[in-house]
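What follows is a short report on a single structure.
Protein chains: 2
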Amino acid sequence: MARLKISFTPSIRRLPSYLHIIRNAQRNSQFYISGTVIAQELNLEPIQVRKDLAITGIIGKPKKGYPVDALIAAVERYLGWDEMHDAIVVGAGNLGSALMGYPEFRIHGLHIVAAFDTDPDKIGKKIHGVTVLNLADLESTIRGSKVDYAILTVPSPQAQETADTLVRSGIRAIWNFTNAKLKVPDDVVVHREDLSSGYALLSVMLQTRKSQTP
Amino acid sequence: MARLKISFTPSIRRLPSYLHIIRNAQRNSQFYISGTVIAQELNLEPIQVRKDLAITGIIGKPKKGYPVDALIAAVERYLGWDEMHDAIVVGAGNLGSALMGYPEFRIHGLHIVAAFDTDPDKIGKKIHGVTVLNLADLESTIRGSKVDYAILTVPSPQAQETADTLVRSGIRAIWNFTNAKLKVPDDVVVHREDLSSGYALLSVMLQTRKSQTP
DNA sequence: TAGATTGTTAATCGATTAACAATC
DNA sequence: TAGATTGTTAATCGATTAACAATC
């Protein structure tokens, strides 16, 4: 079970932040934006921004910076955000519901077409415009469709079982918000989003900062 | 505006996952757990797990592994999760509401004592057991209290303004779920949680995997 | 005992940062 | 033109991995 190793992981993770700033520049009718400016907005080093943007293939102009429209296109292209991808939310609980209503996903090409849950009170209802279907019907509904992404927000103990169903249904990518480490075939990609890890970092930062202020 | 640099950032981010596995071992009445076993569960290298656990100060026993109870205590201690910390949620929208109902936070010492919003329909109501108060009253309510954390889930355009209020109110740590890069004094720590960065990674993984399957 | 696992010290790897020539 | 900014090549830094003696 060899896991896929992605090069430039930290750079890829920074690209969405850059994109946000570049889009703001576009909204302000700027034609060029320099790596220096992007770096300033994010408290990063300009050289890091330039290196990161280089992986998208964009070519900047000395003295002016990067052409805004072309840069947005290059970043979106690199991230695969230039095309719409259908997604389903599996588990229409608190977090799943919040993600259905998260407007930014649409901007990034993620189109949530349905949600699935086992709760009879939720099945048939709409949450943030997304219809909740019976989880038991997942395979028959999704199989053969062009849904690429599953956003997995079921309770952790059900995560593996649900992931198995997703794989059988032809899902290619699972965004795993549960605590479970999922076992999936090699041609299915999984990214686990761990909210606790960010909290751990903040917690250690707070302790460090506290002890520095005597 | 020097930003705090935390050493061992990747290690700290992995600790919550370890903790989850070690807790399971405890539930199964195991007295010892080896780094090898933890590594297997998470598809990591055993040496990485040992190095990570070493920063918590725990001492293992050759052949047996780490004593489960002591290991949990050491990790929690290191993360500052051995004591309860009061937190507020600022912005009781979809995401904010979901986080109020996220049961894992309590296990990790995070106690959400109140939420704040500007929406008159929400003020006075309870969401997942948490009372929503008027955002206008934030400073007077929080000032002088022992609330350490603010979970910031307001719309991005209001983020900086709200953060300023939080700082004036004596908040020490901000968990920033908005797109805004916050400007805060040096004695306030901020961690920005960027859901888009995880999605970017998954998206690039999907493309890479696709192109490998011809 | 034999062998699994630890912790330490060293080697490797990859990401960040620095230096600087090219250029608009 | 002068100077800001790019892209490239090299140096540094930190994290991961390897090797291995110690040990229960």
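Residue numbers (my numbering), protein chains in the order written: chain A, 4 to 217; chain B, 4 to 217. Ideal Cβ positions, reconstructed from N, Cα and C, are used throughout, including at glycine. Source: prediction; values computed, not measured.
> Comparing the C-beta of Phe119 (chain B) with each C-beta of chain A, is any distance below 9 angstroms?
Replying inline: For Phe119 (chain B), the closest Cβ of chain A is not nearer than 9 angstroms.
> So which residues on chain A does Thr134 (chain B) lean against when the C-beta distance must stay under 7 angstroms?
Replying inline: Going along chain A, no residue has its Cβ under 7 angstroms from Thr134 (chain B), so there is no contact; the nearest lies around 17 angstroms.
> For the alpha helix (DSSP H) that Asp72 (chain B) lies in, which residues bound it at each end?
Replying inline: Val71 to Leu82
>> Quick check: Ala183 (chain A) and Ala166 (chain A), are their CB atoms within less than 9 angstroms of each other?
In response: yes
>> For Gly147 (chain B) and Pro188 (chain B), I'd like the C-alpha separation in whole angstroms.
In response: 18 angstroms
>> So for Ala183 (chain B), helix, strand or coil by DSSP?
In response: coil
> Thr211 (chain A): which of B:Val207, B:Asp190, B:Glu196 and B:Pro13 sits nearest, CA to CA?
Replying inline: B:Asp190
> By the 10 Å Cβ neighbour count, where 16 or more other Cβ atoms means buried, how is Asp197 (chain B) classified, buried or exposed?
Replying inline: buried
> What's the call for Met87 (chain B), buried or exposed, on a 16-neighbour Cβ count within 10 Å?
Replying inline: With a 10 Å radius around the Cβ and a threshold of 16 neighbouring Cβ atoms, Met87 (chain B) comes out exposed.
> How would you call Ile50 (chain A), buried or exposed, if buried means at least 16 neighbouring beta carbons within 10 angstroms?
Replying inline: exposed
> Expressed to the nearest angstrom, what Euclidean distance is found between the alpha-carbon atoms of Lys64 (chain A) and Pro19 (chain A)?
Replying inline: Whole-angstrom Cα-Cα distance: 22 angstroms.
>> List, in chain order, every chain A residue whose beta-carbon is nearer than 7 angstroms to that of His23 (chain B).
In response: Asn182
> For Asn31 (chain A), which of A:Arg17, A:Asp72 and A:Gly38 has the nearest alpha-carbon?
Replying inline: A:Asp72
> Can you name the residues of chain A whose CB is closer than 7 angstroms to the CB of Pro160 (chain B)?
Replying inline: Those do not exist, as Pro160 (chain B) stays about 11 angstroms from chain A at its closest Cβ, beyond 7 angstroms.
>> Please state whether the Cβ-Cβ distance between Ile174 (chain A) and Ile115 (chain A) is less than 9 angstroms.
In response: Result no, Cβ atoms of Ile174 (chain A) and Ile115 (chain A) do not sit closer than 9 angstroms.
> For Ser199 (chain B), is the classification buried or exposed, using 16 other Cβ atoms within 10 angstroms of its Cβ as the cut-off for buried?
Replying inline: buried
> Which term fits Thr39 (chain A), buried or exposed, when burial requires 16 or more other beta carbons within 10 angstroms of its beta carbon?
Replying inline: exposed
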